Amino acid sequence: MRAGRGPGQARVIAGCDGEAVGRARAMMASALPLALAGLVSLMAITAAGASDRHPSRSGDRPAAATLEPVAGVSARPGKAAPGGASGITSGAEAGAGDPLHIVVSLQAQSMTVYRGLEPVAQSPISSGKPGHGTPTGVYSILEKRRKHFSNIYDNAPMPYMQRLTWSGIALHQGKLPGYPASHGCVRMPMEFAQSLFGMTERGAHVVITDAPVEPVAIRHAALPRPYEPGTAVASLDLPQVASDVGLRGSIVTGSLEPARAPVAAAMDDRPLRMIITPRAAGNEVQRAQALLNRMGFEAGFEDGVMGRRTRDAIRRFQEGAGLPATGNLSPSLLKALYRDAGEDESLTAVLRIRRNFKDIYEAPVALKDPHLPLGTMIFTALGFEPGASELNWVAVNAEARPGLTPDAVLDRISLPPSVARDVGAILTPGSSLIVTDRSFARNTGLGTDFVVTTR
Numbered sequence: 075m076r077a078g079r080g081p082g083q084a085r086v087i088a089g090c091d092g093e094a095v096g097r098a099r100a101m102m103a104s105a106l107p108l109a110l111a112g113l114v115s116l117m118a119i120t121a122a123g124a125s126d127r128h129p130s131r132s133g134d135r136p137a138a139a140t141l142e143p144v145a146g147v148s149a150r151p152g153k154a155a156p157g158g159a160s161g162i163t164s165g166a167e168a169g170a171g172d173p174l175h176i177v178v179s180l181q182a183q184s185m186t187v188y189r190g191l192e193p194v195a196q197s198p199i200s201s202g203k204p205g206h207g208t209p210t211g212v213y214s215i216l217e218k219r220r221k222h223f224s225n226i227y228d229n230a231p232m233p234y235m236q237r238l239t240w241s242g243i244a245l246h247q248g249k250l251p252g253y254p255a256s257h258g259c260v261r262m263p264m265e266f267a268q269s270l271f272g273m274t275e276r277g278a279h280v281v282i283t284d285a286p287v288e289p290v291a292i293r294h295a296a297l298p299r300p301y302e303p304g305t306a307v308a309s310l311d312l313p314q315v316a317s318d319v320g321l322r323g324s325i326v327t328g329s330l331e332p333a334r335a336p337v338a339a340a341m342d343d344r345p346l347r348m349i350i351t352p353r354a355a356g357n358e359v360q361r362a363q364a365l366l367n368r369m370g371f372e373a374g375f376e377d378g379v380m381g382r383r384t385r386d387a388i389r390r391f392q393e394g395a396g397l398p399a400t401g402n403l404s405p406s407l408l409k410a411l412y413r414d415a416g417e418d419e420s421l422t423a424v425l426r427i428r429r430n431f432k433d434i435y436e437a438p439v440a441l442k443d444p445h446l447p448l449g450t451m452i453f454t455a456l457g458f459e460p461g462a463s464e465l466n467w468v469a470v471n472a473e474a475r476p477g478l479t480p481d482a483v484l485d486r487i488s489l490p491p492s493v494a495r496d497v498g499a500i501l502t503p504g505s506s507l508i509v510t511d512r513s514f515a516r517n518t519g520l521g522t523d524f525v526v527t528t529r
């Protein structure tokens with residue numbers, strides 16, 4: 075019987091005889107329980123099959139949007155601290171909001187992704203072949219493109235590209251023959267490259283080393299800590315320091331070179347990128363010029379060149395200080411300049427800060443034994459609440475040198491109180507500090523964080 079429309083259908087049903095309608099109702103009543111039972115069975119089979127296919131996935135996130143822990147890579151508990159303000163801290167566990175960083179070993183041809191201290195994924199890689207070796211060092215992800223083609227090597231495809239330098243080093247999907255085979259980039263398998271691309275953000279750190287390294291938890295008095303305006307800060311004056319043998323020589327005192335103030339940094343929650351490097355050995359002339367100019371001796375441009383104006387300024391200073399007017403710079407003269415300018419000559423290193431790939435701050439800091447090697451260390455702050463008095467950091471030794479550990483390096487560094495307050499006021503979770511005696515100038519520039527190559 076063909077279905078009519080509206081009132082016509084109603085009229086057709088109403089026109090059926092009573093016996094036919096009764097038989098139809100009885101057939102429908104007997105078939106309904108069987109249909110419901112079949113539907114319930116089908117739903118159970120479907121649910122069981124879905125459970126078998128995805129035994130470990132939870133939630134509705136697609137697989138490519140997360141890095142799952144890999145077999146054989148397990149979480150490590152925090153290591154016990156040897157005591158005091160420095161050392162490894164216990165119980166520093168990585169959380170979901172901890173910063174992501176990537177560690178690549180060229181010897182092992184492997185990459186491990188860490189969230190805080192916890193390894194969350196691992197993959198084989200293929201790095202630069204002989205003659206095109208991948209440079210070791212500390213990098214940040216500068217640019218990301220799902221589809222990219224090399225503008226150096228015959229338009230070669232570089233899917234899921236994450237750029238580390240503007241000179242051609244990147245992470246990307248590529249072939250893995252089991253040995254170094256690229257032109258300097260770090261190749262990854264397709265699924266891993268896709269997953270990693272979805273997890274990272276511009277600015278995430280990538281550390282490339284020869285031998286495998288692992289991050290460790292650390293707390294140390296030299297590392298910045300949060301500071302809020304209005305917080306009471308203990309201070310010691312010169313007589314107190316001089317009268318206490320335990321304090322003498324361990325606390326930076328005296329007036330400091332004015333630090334360049336952060337630019338609208340207090341309202342920015344993006345992580346800081348900090349670096350401490352020793353003052354260059356050849357900067358004594360430039361430093362003397364700065365001190366002379368500050369005291370009004372008109373040494374001219376602070377260019378590090380021992381010219382006529384600088385020599386004349388030195389003579390005028392020597393005459394006023396009752397010294398032989400030679401016009402020459404010597405260690406004793408530099409010491410006298412520091413003393414008369416009210417500065418501490420132990421400020422032998424420089425702290426520089428970038429945020430969002432732009433310089434925002436620079437100030438002198440104290441470094442003991444600046445002539446001794448530092449290696450290259452990177453420290454990254456884990457999550458913390460505003461005003462927190464203690465802070466957990468992750469340390470990665472990016473350049474293995476005998477006797478140089480994160481604690482040993484930090485033991486030689488101290489921030490002047492004013493600098494510590496400046497940095498603490500703008501410190502955010504995920505901020506990082508590189509301590510190195512390597513140059514960062516070659517690959518650091520417009521649109522980069524501090525890039526330090528160790529080979």
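75 is the number of the first residue of the sequence shown in our numbering; add one for each residue after it. Even glycine gets a Cβ: it sits at the ideal position worked out from N, Cα and C. Note that this is a predicted model, so its numbers are computed, not measured.
Going by the CB atoms, is the gap between residue j and residue i shorter than 7 Å?
i    : j    : result
L346 : R429 : yes
V439 : L489 : yes
P204 : Q183 : no
S179 : T283 : yes
S200 : T208 : no
W467 : I292 : yes
V290 : A482 : no
G457 : P503 : yes
V525 : T518 : yes
V194 : V281 : no
H257 : H206 : yes
S505 : A455 : yes
P233 : F223 : no
Taking the beta strand (DSSP E) that residue i falls in, what are its first and last residues?
i    : result
K218 : 217-219
T274 : Per DSSP, T274 belongs to no beta strand (DSSP E) and is neither H nor E.
K432 : 432-441
Q247 : 244-247
E192 : 192-198
G521 : It is not in any beta strand (DSSP E) - G521 carries neither H nor E in the DSSP assignment.
G211 : 211-214
T351 : 347-352
S184 : 184-189
A539 : Residue 539 lies beyond the stretch modelled for the chain, which goes from 75 to 529, so this question has no answer here.
V178 : 174-179
Consult DSSP for residue i and reduce its assignment to one of helix, strand or coil.
i    : result
L478 : coil
V359 : helix
L238 : coil
L408 : helix
M369 : coil
A295 : coil
E459 : coil
P490 : coil
R390 : helix
E265 : helix
T384 : helix
L270 : helix
V424 : strand
A515 : coil
V287 : coil
R529 : coil
R344 : coil
V497 : helix
A379 : As written in the sequence, residue 379 is Val, which differs from the Ala given in the question. Coil at V379, not helix or strand.
In its own chain, which residues sit with a C-beta less than 7 Å from the C-beta of residue i, not counting the 5 before and 5 after it?
i    : result
A364 : E376
R219 : M235
T528 : T210, G211, T450, A472, E473, R512
G498 : P298, R299, P300, Y301
L441 : P352, T422, A423, R486, I487
P398 : Q392
Could you name the residues of the same chain whose beta carbon sits closer than 6 Å to that of residue i, not counting the 5 residues immediately before and after it, in chain order?
i    : result
G277 : S214
L478 : G449
P286 : S179, A182
R382 : none
Starting from the C-beta of residue i, find all residues in its chain whose C-beta is less than 8 Å away, skip the five residues before and the five after it, and write them out in chain order.
i    : result
L366 : E372, A373, T384, A387, I388, F391, L411
P263 : S197, P198, Q247, L250
A171 : A quick correction: the sequence has Gly, not Ala, at residue 171. So the list reads G457, P503, once near-sequence residues are dropped.
V359 : G378, V379, M380, T384, L403
If you follow the alpha helix (DSSP H) that residue i is in, where does it begin and where does it stop?
i    : result
G504 : That residue, G504, is in no alpha helix (DSSP H); it is neither H nor E in DSSP.
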